[in-house]
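Worksheet for the structure shown next.
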Amino acid sequence: MTEYRNRALHDAFLSYAKIALAFVSRSLDEGGEVPTLREPAWTDRENALIRQEGAKPLWIIVIHRLDKLLSGSVEYQECTRLLREDPTIAEQLNTLVGSTYMQITLTPEDILTRFITEVLDIKGGSVFEENLVNERYSLIENALYSDEIITDALAPLLGLVLKADKIPLSEGFAIERLTLDEIVSCVRFGLVRTGPSENVIFNPPRYAVKVPLSDPKVIGPIDTSDEASKSFKRFDEAAERITEVVHALRLFKPGLCFLSGVVRRSTNWLMSGTVTAGGASLFHSPWFAEYRLENAELGGFKQFWDQLQSPEVKRRGFLDVAIKRFGYAAERQLPEDQIIDLMIASEALFLCDLSEDQFRGELRFRNALRAGFFIGQTINERREIFRLMKKAYDARSLIVHGGKPELPAGFGSFSEFVSKIQEYVRAALHKAIVLASNPSAPKYLVDWDELVFKKSLESDEKM
Numbered sequence: 001m002t003e004y005r006n007r008a009l010h011d012a013f014l015s016y017a018k019i020a021l022a023f024v025s026r027s028l029d030e031g032g033e034v035p036t037l038r039e040p041a042w043t044d045r046e047n048a049l050i051r052q053e054g055a056k057p058l059w060i061i062v063i064h065r066l067d068k069l070l071s072g073s074v075e076y077q078e079c080t081r082l083l084r085e086d087p088t089i090a091e092q093l094n095t096l097v098g099s100t101y102m103q104i105t106l107t108p109e110d111i112l113t114r115f116i117t118e119v120l121d122i123k124g125g126s127v128f129e130e131n132l133v134n135e136r137y138s139l140i141e142n143a144l145y146s147d148e149i150i151t152d153a154l155a156p157l158l159g160l161v162l163k164a165d166k167i168p169l170s171e172g173f174a175i176e177r178l179t180l181d182e183i184v185s186c187v188r189f190g191l192v193r194t195g196p197s198e199n200v201i202f203n204p205p206r207y208a209v210k211v212p213l214s215d216p217k218v219i220g221p222i223d224t225s226d227e228a229s230k231s232f233k234r235f236d237e238a239a240e241r242i243t244e245v246v247h248a249l250r251l252f253k254p255g256l257c258f259l260s261g262v263v264r265r266s267t268n269w270l271m272s273g274t275v276t277a278g279g280a281s282l283f284h285s286p287w288f289a290e291y292r293l294e295n296a297e298l299g300g301f302k303q304f305w306d307q308l309q310s311p312e313v314k315r316r317g318f319l320d321v322a323i324k325r326f327g328y329a330a331e332r333q334l335p336e337d338q339i340i341d342l343m344i345a346s347e348a349l350f351l352c353d354l355s356e357d358q359f360r361g362e363l364r365f366r367n368a369l370r371a372g373f374f375i376g377q378t379i380n381e382r383r384e385i386f387r388l389m390k391k392a393y394d395a396r397s398l399i400v401h402g403g404k405p406e407l408p409a410g411f412g413s414f415s416e417f418v419s420k421i422q423e424y425v426r427a428a429l430h431k432a433i434v435l436a437s438n439p440s441a442p443k444y445l446v447d448w449d450e451l452v453f454k455k456s457l458e459s460d461e462k463m
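Quick note, the sequence shown lines up with residues 1 to 463 if you use the numbering used here.
What follows is the structure, encoded as structure tokens:
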């Protein structure tokens, strides 16, 4: 048997639901009509969402039409009495209640009207179903007894393709499949583009990073400046964590995955329907983005994420810079802009042990040499990495000073060359993260002189 905080109130709500739905059914049988509102509705067609005109029943009008009959019933009066006599619920009635970003005024009449209206909306008519009534009551009771207002920050990931419904991450948040209702919320706030027609969305986002946020419940008028500041801080921290997930995906393997913004939806019954959003740049076309993560790769990604969150990785600022810059490169439209971020990431990793002015004249050489010996496994691989990383350094320098870089030999386009540099930097960061996750690793992970000379000697001995 389900445990309720107020069993008497639950039983009263159950009895009221039976009589209220019976009154509605009788009214319709006697010729009463349900007014409708013409509004668009989205239908899921696998690779696209289609918007069509629909008719939404306005059950709230039917309830108001039966107001005297309903409020005069013994069941209705018992519910209102128990609501007012419950000390926890009573202090929330006829006053403002909610969170720092939104409050409403509750009355027993409002609670009962909404309760029955939701049952009618879900069933599409006056059908009594005890499980549904119990579910709706539980949401109401939990909301009224809770000391906090929980919201979900949803960050749609354009292009992400999974077969699993959820990838749990640390600290209570996860990558999860979006419901149709959640996707529509993202569309409503402009976080998802329609296609050539405003009634079609091709390749809509199917997954999002979901972060639960908790704000204290506020009862009555208050000075919200301090609490609002704390709420904004919690949201900013969540946004930072969301960005970390996107960076991790991009670093884990190649693919196009973009963040389009954040929708914040309340999961508390008091504030359900409350949605706020923050936008993001949508320069990239979502219709052609694809980042496919197979089931066999999920364990590897989770392990990779855990390594990124380890204290040993977090405390090394140069790794943080390198990882962020690698992620930022994917946001750039032009390969000339991408190479700048990639080379900042490369220098953060390979030149982290040098002071600002030390060896300034030979940074190009050191960056390329260290990259070659850190990534390459053979003499030819190291030589090729060394050559291309020098070309990348020169290209970055020309671009930031208004010049136009030459295309290195062996590449058909500058984008192709940038992709190769991205491959090198990704491989280097993967290796660095593994090294950093070892608590006994040195501060800069590698004794670069030892690495270069040791591998050089090994190569000489093989020759």
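Where is the CB? At the ideal position from N, CA and C, for every residue including glycine. Predicted model, so just to flag it, every value in this text is computed and none were measured.
Between E118 and R136, the C-beta spacing is below 8 Å.
The DSSP-derived three-state label of V446 is coil. Counting only runs of 3 or more residues that sit fully inside the stretch 43-69, the beta strand (DSSP E) segments are 48-57, in chain order. The criterion of a C-beta distance shorter than 8 Å is satisfied by E290 and L256.
In this chain, the beta strand (DSSP E) harbouring F202 covers V200 to F202. Here M389 has S346, N367, A368, A371, G372, I421 and Y424 as same chain residues with Cβ atoms under 8 Å from its own Cβ, once five neighbours each way along the sequence are excluded. As for any alpha helix (DSSP H) of minimum length 4 sitting wholly inside the stretch 344-379, the runs are 363-375, ordered along the chain. A check of alpha carbon separations from S214 across L191, L160, M271 and S197 identifies M271 as the nearest. Here K404 carries a coil assignment [DSSP, helix/strand/coil]. Closest in C-alpha terms to W448, from the list N438, S437, P439 and A432, comes A432. Just so you know, the alpha carbons of V313 and R241 end up roughly 15 Å apart.
As DSSP reads the structure, D152 sits in a beta bridge with P212 and R265.
Under the three-state reduction of DSSP output, R38 falls in the strand class. When DSSP assignments are scanned along the stretch 286-323, the uninterrupted stretches of alpha helix (DSSP H) that are 4 or more residues long and fall wholly within it turn out to be 295-308 and 311-314. In the DSSP assignment, V425 falls within the unbroken alpha helix (DSSP H) covering F414 to A436. The three-state reading of DSSP puts K166 in strand, counting E and B together.
The shortest C-alpha to C-alpha distance from A322 to any of I385, T88, P40 and E244 is the one to E244.
L160 sits away from F326, with the two beta carbons spaced by 8 Å or more. Comparing C-alpha distances from A409 to each of L157, E227, T107 and R387 shows the shortest one belongs to R387. Proximity of the stretch 184-193 to the stretch 257-266 meets the contact definition, three or more beta-carbon pairs being nearer than 8 Å. Counted as a single uninterrupted DSSP element, the stretch harbouring Q77 is not any beta strand (DSSP E) but the alpha helix (DSSP H) occupying residues V74 to E85. For K163, same chain residues with a beta-carbon under 8 Å away, outside a window of 5 residues either side, are E294 and N295 in chain order. In this structure L334 is exposed. Its beta-carbon is surrounded by fewer than 16 other beta-carbon atoms within 10 angstroms. For T113, the uninterrupted alpha helix (DSSP H) run begins and ends at P108 to K123, by DSSP.
S25: member of the alpha helix (DSSP H) spanning R7 to D29, first to last residue.
With 16 or more other Cβ atoms inside 10 Å of its own Cβ, H247 counts as buried. With a cutoff of 8 Å on beta-carbon distance, L49 and P204 are scored as near each other.
DSSP, read as helix, strand or coil, puts Y101 in coil. The three-state reading of DSSP puts Y207 in strand, counting E and B together.
DSSP lists F258 as the bridge partner or partners of L158. Taking E297 as reference, the option from P254, I399, D236 and E39 with the minimal CA-CA separation is P254.
Boundaries of the beta strand (DSSP E) around E176: A174 to R177.
Between the alpha carbons of T378 and L445 lies a gap of roughly 21 Å. V192 carries a coil assignment under DSSP once its states are collapsed to helix, strand and coil.
Counted as a single uninterrupted DSSP element, the stretch harbouring I222 is not any alpha helix (DSSP H), since DSSP gives it neither H nor E.
Separation of L28 and L158 (C-alpha to C-alpha, rounded to the nearest whole angstrom) is 45 Å.
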